[in-house]
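Numbering (this note's numbering), first residue to last: 1 to 199.
Beta carbons are placed, not taken as given, at the ideal position from N, Cα and C, and that holds for glycine.
See structure below.
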Amino acid sequence: MPHDRAARLESGENSDILIDLMALLSILCYPDARLNKIARPVEAIDARLKALIGDMFETMYEAKGVGLAATQVDVHQRLVVIDVSETRDQPLTLINPELLWASDERLKGEEGCLSVPGIYDGVERAAQVRVRALDENGQSRQIEAEGFLAVCLQHEMDHLAGKVFVQYLSRLKQSRIKAKLCKQERQAQQETARQREPL
Ligand code: NI
Numbered sequence: 001m002p003h004d005r006a007a008r009l010e011s012g013e014n015s016d017i018l019i020d021l022m023a024l025l026s027i028l029c030y031p032d033a034r035l036n037k038i039a040r041p042v043e044a045i046d047a048r049l050k051a052l053i054g055d056m057f058e059t060m061y062e063a064k065g066v067g068l069a070a071t072q073v074d075v076h077q078r079l080v081v082i083d084v085s086e087t088r089d090q091p092l093t094l095i096n097p098e099l100l101w102a103s104d105e106r107l108k109g110e111e112g113c114l115s116v117p118g119i120y121d122g123v124e125r126a127a128q129v130r131v132r133a134l135d136e137n138g139q140s141r142q143i144e145a146e147g148f149l150a151v152c153l154q155h156e157m158d159h160l161a162g163k164v165f166v167q168y169l170s171r172l173k174q175s176r177i178k179a180k181l182c183k184q185e186r187q188a189q190q191e192t193a194r195q196r197e198p199l
């Protein structure tokens, strides 16, 4: 559902973004095929990208998420924003992130996703990872992570590769999730249609 302040971002490099206004972005909902697009590397850290980063953080905080990949707002560039802090004041921007190393040790944790509302399930991931990325100022940095941050990094980088966490679940679970989310979507559309009916 588009929010009244939502800025419509065209996918592609030529979209115009108002840089003086923060805006909430629409988050694509699984099983939208656009979630399976593979993101391209960011080529320039310019004003437009910085505006997008600001909007993605605002959208993520508003949705009470801990991570958001550009893919989820239909911008297919390698950009991720994360904040796993309790205090919601430790924003982490990753531009063109690369996985340098993943531990053989695995852990299975409960995951959810802003693109798969209301669904949580166990996914096995590497327990520790090392990731290299540029920050919002174009500085290259390496992040060593374990636990929840490690899970979050892998989950968000999967989005950039066109992968949603439910794709790790059994086919049966995937069909159930699709059916449930499609039903929710239909109900929302019917609700909107009812509201439009003249009295
Ligand atoms: Ni997600």
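Cys-29 CB to nearest heavy atom of the ligand NI below 6 Å: As a working mapping, residue 29 is identified with position 29 in the sequence shown. Cys-29 Cβ: outside cutoff for every heavy atom of the ligand NI.
Could you give the DSSP three-state label for Glu-136: helix, strand or coil? Numbered from 1 along the sequence shown, position 136 holds the residue referred to as residue 136. Here DSSP, grouped into helix, strand and coil, assigns Glu-136 to coil.
Name all residues in chain order for which at least one heavy atom of the ligand NI lies closer than 6 Å to the residue's CB. Cys-113, Leu-114, Ser-115, His-155 and His-159
Can you give the Cα-Cα distance for Lys-163 and Arg-125, rounded to whole angstroms? Residue mapping note: residue 163 aligns to position 163 of the sequence shown, counting from 1. Residue mapping note: residue 125 aligns to position 125 of the sequence shown, counting from 1. If I take the Cα positions, the gap works out to 14 Å.
Taking the continuous beta strand (DSSP E) assigned at Ala-126, which residues delimit it? For this step, residue 126 is matched to residue 126 along the sequence shown. Per DSSP, Ala-126 belongs to the beta strand (DSSP E) from 121 to 126.
Residues bridged to Glu-98 by DSSP? Residue 98 sits at position 98 when you count from the first residue of the sequence shown. Answer by DSSP bridge pairing, in chain order: Arg-132.
Which residues bound the beta strand (DSSP E) around Gly-67? Position 67 of the sequence shown holds residue 67. Gly-67: member of the beta strand (DSSP E) spanning 67 to 69, first to last residue.
Ordered along the chain, which non-local residues of its own chain (more than five positions away) have a Cβ less than 8 Å from that of Tyr-120? Position 120 of the sequence shown, counted from the first residue, corresponds to residue 120. Cβ within range, chain order: Glu-110, Glu-111 and Gly-112.
Please confirm whether Leu-79 and Val-42 have their CB atoms less than 7 Å apart. One-based indexing of the sequence shown puts residue 79 at position 79. One-based indexing of the sequence shown puts residue 42 at position 42. Yes, the Cβ-Cβ distance between Leu-79 and Val-42 is below 7 Å.
Would you decide whether Asn-137 is buried or exposed? Buried here means 16 or more other CB atoms lie within 10 Å of its CB. Locating residue 137 in the sequence shown gives position 137, counting from the first residue. It is exposed - the Cβ of Asn-137 has fewer than 16 other Cβ atoms within 10 Å.
Between which residues of its own chain and Trp-200 is the CB-CB distance below 6 Å, once the five residues before and five after are set aside? The structure shown does not extend to residue 200, since the chain spans only 1 to 199, so no value can be given for it.
Tell me whether Thr-192 is buried or exposed, calling it buried when 16 or more other Cβ atoms sit within 10 Å of its Cβ. For the purposes of this step, residue 192 is taken as residue 192 along the sequence shown, with counting starting at 1. Its Cβ having fewer than 16 others within 10 Å, Thr-192 is exposed.
Taking 7 Å as the threshold (C-beta atoms), are Glu-62 and Leu-99 in contact? The count along the sequence shown starts at 1 and reaches residue 99 at position 99. The count along the sequence shown starts at 1 and reaches residue 62 at position 62. Not closer than 7 Å, so no.
Mapping DSSP to helix, strand and coil, what is Ala-145? Along the sequence shown, one-based indexing puts residue 145 at 145. Note: Ala-145 maps to strand in three-state DSSP.
For a test of your reading of the model: does the CB of Glu-105 fall under 6 Å from any non-hydrogen atom of the ligand COA? Yes or no. Because the ligand COA does not appear in the structure shown, any question about it cannot be addressed here, the ligands present being the ligand NI.
Here's the rule: buried if 16 or more other CB atoms are within 10 angstroms of the residue's CB, otherwise exposed. What is Leu-172? Mapped onto the sequence shown, residue 172 falls at position 172. Exposed, since its Cβ has fewer than 16 Cβ neighbours within 10 Å.
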